[in-house]
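Chains as they are written, first to last, in the working numbering: chain Y, 1 to 266; chain B, 1 to 444; chain W, 1 to 490.
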């Protein structure tokens, strides 16, 4: 149903820079995983990171909301600024940062709680609702925006783990937007899903662009082409090329990008 | 709502986040204090054991020259109670020694004076004479243990106030002891008797030792080694390598996991009913009676079995299937594959598990109480190596229990001292297990 | 021949069989191993196994059955008047056996001729002294009927032993010849040997079942015996525990159960929070270095024998608590009368259980998938919020299982309560009061006198039964919960 590579609608103005990363390096013990990466991520746009396995794209993504803090042997250097503030600054509370920069993971990971409690979890810990009615409202709104409301509205008290894989992933996306983040990081959100569920999630990502800055890591070049406005290509820890998605896919500047896109490396 | 989040700066913490971070700190502090409490308990326990137990390793004794004449010895040996005369000899020697040293003897009866010595002193003298008859007709120096009270005074455990209501020793004795110390006749030395000696009756804590019970424990460990280890390893091999998936296998598995949780005292009840009542009583098997290391060892074997089985299975499981496949691919039978390849590779793990199981059995007390390892004063070593299995004896934890129930601070000191020996054994076994694991651990 | 000599003879036959079989196999193949189906030693083992196993099996069964059968038939010769008042016939049977063995000993040591022993009735008055000189201790003077029973016991045993010897040796020899003649180059010796190995392994595995059966039987038989002497209603619902060996005992289990549960509760109240927080800290916060030190340190607590904890309770914790809560105590509250109390035992038992709770919970918390934590942290939850609202609820079934296992440990613990809890059975709420437990009473009822037939001693088996059922129930429940939990994440 898609053409070979259907390029996403180009309404990219790229005026506001939401996240600016400069000379980011990441070490896992002795392993130098990210080498000198600099990138600007725009507001209200989808940016995709592509590249072969182990190229560091997920690692870089996890730097943006400091999820790498949870790994003992991981060291991050360089500047990453969100709205002009250095997120690695000592005075920044990673908890507050993560409330602004939400994350969706590769494998759907609903909590073993009810659907309602899964969504309400973020608003509850961040104190976004003053009372039960407000919370109900947030839950409904998030589930609607996660394009899953119609499927679960009759069983909000059923466990989230009982949903199908695609539903679980949309639940996790809804859970992430319930905290009203400014940036949404998605780490291969469709890798565990079948094509139909993938299509639904992709549609959802396109809608989310209206309100959020979305960063998506993906293995699938088609997916990057379909959903993103800007694309960064990672290879062996380096960011090789970064530009408008159309540009990257039709006229790559770097030899390695071209080899990857045409299927010679990867 | 969007305004709310947009308004938050990353560096300025809003009150809610501050509260949440405080809760985080508190939670973390609970964790740290839980660990700290555990470690503090451990330190208190160990410090308590060492400080209370170390005094048991020294003993105060009196160096005394005793003149032994043939006539006196003959008289003593022909009497019914043979030690009485030897006591008289010691009394005389002590009175003489006090005179020599110019120490005033405050007692009119010399019998009162020797109360500061162990009541076992005459027997010590007699044993020395019997062991070396050439001593007769000479004056030679002997070392006699002081009584537990006098010993306690030297160790600071007994004070003059304590003796106010004491029938055995008076402050007058302590004055004499002080002078004897000045004269160099009373000294505290290392107490080998505590490690190698046998238990003594309630009146003579100073002479009680762990030796016999260490041997009793040793015999029981031999039984465990001979019974539980082969059976446990064989069971594990069967379950892990051969057993088909059927109800019988399930039954064995359920049994093993439940046996691991049966309280040890229930194994003691099994010991009474199955080995002593049935085996010894109904069946008339000679070795199955109370207080016998053989029975104790069998009870401990049954108790240790699950530990050994579980450890062996874990180490068999850790051998990758590729090894089995390789052997089978060369035309080895299943049995050959297991016994030639899997078992040798799993051996270090099995050994570690066995040692840990043995350590657990060594420290176990409750079942031993029921099969009569207490209530017997183990005053002698077994006569021969084999008969050691079937001669009534004690065991280290049972001996400690017995001393702890004798309600005399001198015996409490011995009980703590005995615990030190027990822990040294356990510690060395565990260290051996750790070294084995470190040295032979293989990562696949 | 005695059973042990017979066993040795069979063993020698088997060893000879090994070498003969091995030699024969090589001979049939003209010395060329390649023509044999199995390696030569398998042929040897085949002969050895076949001559050893059936003979030993028969020997074992015969040796177990013979005394039972003969004892049963001899029992009828004992007159009811010979059984002492209030005693069991088994006591007299022990005497019969001792006497029979004593006579045999006297004959074999040359102290008596065989004829003399058969006519022992003629010098029955001297019998006790004569046997006593040989080290055979008899309880009292020999009664004629007991001696008659002992005589027939002796002769029946002698006949039985003779039949046993012949039978067993014939079996061993026959099997030896049979196996020997089977040997041929294409005989599959390895397969039969491996089958034998498998049978041995199954036999060993069955010991676990036998042990359980043994426990259950020994508990049930003696419990039934107890309920014949003492009404079960009074045992299960009685609120007084006052055994007296003069009779008129009141043996109600309720005060003991209460003490057991109360002490276990105190122990868990100490161990569960500390153990759980320690586990959370070790698995979620601690750096590898802290973990490498703190985890083994806690586990040392688990390796210390319970007798040490018992002594710690009796000599250290008890006096310490008394100094704080007792009369003239530091706190001036005078709640405590003596060093032994529910608090003393519970506190020490709690310390003992800390590593038990923490290492079990640690495993369970570690098995909660990292994705669950990431999901929560990615939403901006703090670590403690993640633990409290995601990790612990997910791990809850496993933790409940761990706590149940700890409870089962607490209920079955003996040494700490023997030393720390006191001896008085009480139904009381004051935790500073001395109370006693099921396990402590099993010890006190079964140590000392060797007479197992009074209700005061037999009650220990009923107590053991109660304890066994309680711990088994808790364990089965806990294992089921933990297994369910494991399946959830596998």
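The beta-carbon is built from N, C-alpha and C at its ideal position, and this holds for glycine as well.
Which residues does DSSP list as the beta-bridge partners of residue i?
{"i": "residue 235(Y)", "result": "238(Y)"}
{"i": "residue 34(Y)", "result": "26(Y)"}
{"i": "residue 80(Y)", "result": "21(Y)"}
{"i": "residue 141(B)", "result": "65(B)"}
{"i": "residue 408(W)", "result": "Paired residue(s): none; residue 408(W) is not in a bridge."}
{"i": "residue 114(Y)", "result": "159(Y)"}
Quick one: list the residues of chain W neighbouring residue i, beta-carbon separation under 8 Å, in chain order.
{"i": "residue 335(B)", "result": "194, 197, 198"}
{"i": "residue 55(Y)", "result": "Under the 8 Å cutoff, chain W gives no residues; its nearest Cβ is about 20 Å from residue 55(Y)."}
{"i": "residue 179(Y)", "result": "379, 380"}
Comparing C-alpha positions only, which one of the options sits nearest to residue i?
{"i": "residue 60(Y)", "options": "124(Y), 108(Y), 121(Y), 237(Y)", "result": "237(Y)"}
{"i": "residue 107(Y)", "options": "194(Y), 249(Y), 56(Y), 251(Y)", "result": "194(Y)"}
{"i": "residue 217(B)", "options": "431(B), 425(B), 433(B)", "result": "425(B)"}
{"i": "residue 185(Y)", "options": "54(Y), 97(Y), 75(Y)", "result": "97(Y)"}
{"i": "residue 354(B)", "options": "395(B), 391(B), 312(B)", "result": "312(B)"}
{"i": "residue 194(B)", "options": "384(B), 58(B), 282(B)", "result": "58(B)"}
{"i": "residue 117(B)", "options": "46(B), 329(B), 71(B), 185(B)", "result": "185(B)"}
{"i": "residue 138(B)", "options": "309(B), 89(B), 343(B)", "result": "89(B)"}
{"i": "residue 361(W)", "options": "279(W), 234(W), 16(W), 352(W)", "result": "279(W)"}
{"i": "residue 183(Y)", "options": "71(Y), 43(Y), 263(Y)", "result": "43(Y)"}
{"i": "residue 114(W)", "options": "155(W), 126(W), 94(W)", "result": "155(W)"}
{"i": "residue 239(Y)", "options": "17(Y), 18(Y), 30(Y), 40(Y)", "result": "40(Y)"}
{"i": "residue 34(B)", "options": "458(W), 341(W), 358(W)", "result": "358(W)"}
{"i": "residue 239(B)", "options": "302(B), 316(B), 211(B), 26(B)", "result": "316(B)"}
Considering just the uninterrupted stretch of the beta strand (DSSP E) at residue i, what are its terminal residues?
{"i": "residue 61(Y)", "result": "Premise fails: residue 61(Y) lies in the alpha helix (DSSP H), 57–64, not in any beta strand (DSSP E)."}
{"i": "residue 102(Y)", "result": "101–104"}
Just the chain B side, please: which residues come within less than 8 Å of residue i by C-beta, in chain order?
{"i": "residue 227(W)", "result": "Those do not exist, as residue 227(W) stays about 16 Å from chain B at its closest Cβ, beyond 8 Å."}
{"i": "residue 267(Y)", "result": "Outside the modelled stretch of chain Y, which goes from 1 to 266, sits residue 267(Y), for which no answer is possible."}
Following the continuous alpha helix (DSSP H) through residue i, name the residue where it begins and the one where it ends.
{"i": "residue 190(Y)", "result": "No alpha helix (DSSP H) contains residue 190(Y), which DSSP labels as neither H nor E."}
{"i": "residue 84(B)", "result": "83–101"}
{"i": "residue 307(W)", "result": "306–312"}
{"i": "residue 300(W)", "result": "288–303"}
{"i": "residue 154(B)", "result": "148–155"}
{"i": "residue 420(W)", "result": "415–420"}
{"i": "residue 61(B)", "result": "Counting along the chain, residue 61(B) falls outside any alpha helix (DSSP H), though it belongs to the beta strand (DSSP E) covering 58–67."}
{"i": "residue 472(B)", "result": "There is no way to answer for residue 472(B), as the model of chain B reaches only from 1 to 444."}
Quick one: grab the DSSP three-state call for residue i.
{"i": "residue 262(B)", "result": "coil"}
{"i": "residue 42(Y)", "result": "strand"}
{"i": "residue 242(W)", "result": "strand"}
{"i": "residue 9(Y)", "result": "Low confidence applies to residue 9(Y): its pLDDT is 47, below 50, so where it sits in the model is not reliable enough to give any reading."}
{"i": "residue 461(W)", "result": "helix"}
{"i": "residue 143(W)", "result": "coil"}
{"i": "residue 336(B)", "result": "helix"}
{"i": "residue 419(B)", "result": "helix"}
{"i": "residue 190(B)", "result": "strand"}
{"i": "residue 134(Y)", "result": "helix"}
{"i": "residue 5(B)", "result": "In this prediction, residue 5(B) has a pLDDT of 44, which is less than 50 and means its spatial position is unreliable; what the coordinates show is noted afterwards. Of the three classes helix, strand and coil, the one that applies to residue 5(B) here is helix, per DSSP."}
{"i": "residue 107(B)", "result": "coil"}
{"i": "residue 1(Y)", "result": "Note that residue 1(Y) scores 38 on pLDDT, short of 50, meaning its location in the model is unreliable; the coordinates nonetheless yield the value given after this. Reduced to three states, the DSSP call for residue 1(Y) is coil."}
List, in order along the chain, the chain B residues whose C-beta lies closer than 9 Å to that of residue i?
{"i": "residue 169(Y)", "result": "Going along chain B, no residue has its Cβ under 9 Å from residue 169(Y), so there is no contact; the nearest lies around 24 Å."}
{"i": "residue 210(Y)", "result": "Neighbours of residue 210(Y) on chain B: none; closest Cβ ~12 Å, over 9 Å."}
Identify the contact partners of residue i in chain Y, using a Cβ-Cβ distance below 7 Å as the criterion.
{"i": "residue 390(W)", "result": "111"}
Can you list the residues of chain Y that residue i reaches, using a CB-CB cut of under 9 Å?
{"i": "residue 26(B)", "result": "Ordered by position in chain Y, no residue passes the 9 Å Cβ test against residue 26(B), which lies about 15 Å from the chain."}
Give me the chain B residues within the contact set of residue i, using Cβ-Cβ distance strictly less than 7 Å, ordered along the chain.
{"i": "residue 127(Y)", "result": "16"}
{"i": "residue 82(Y)", "result": "10"}
What does residue i reach in chain C if we use C-beta pairs closer than 9 Å?
{"i": "residue 147(W)", "result": "The structure shown contains no chain C; its protein chains are Y, B and W."}
Identify the contact partners of residue i in chain Y, using a Cβ-Cβ distance below 8 Å as the criterion.
{"i": "residue 21(B)", "result": "93, 95"}
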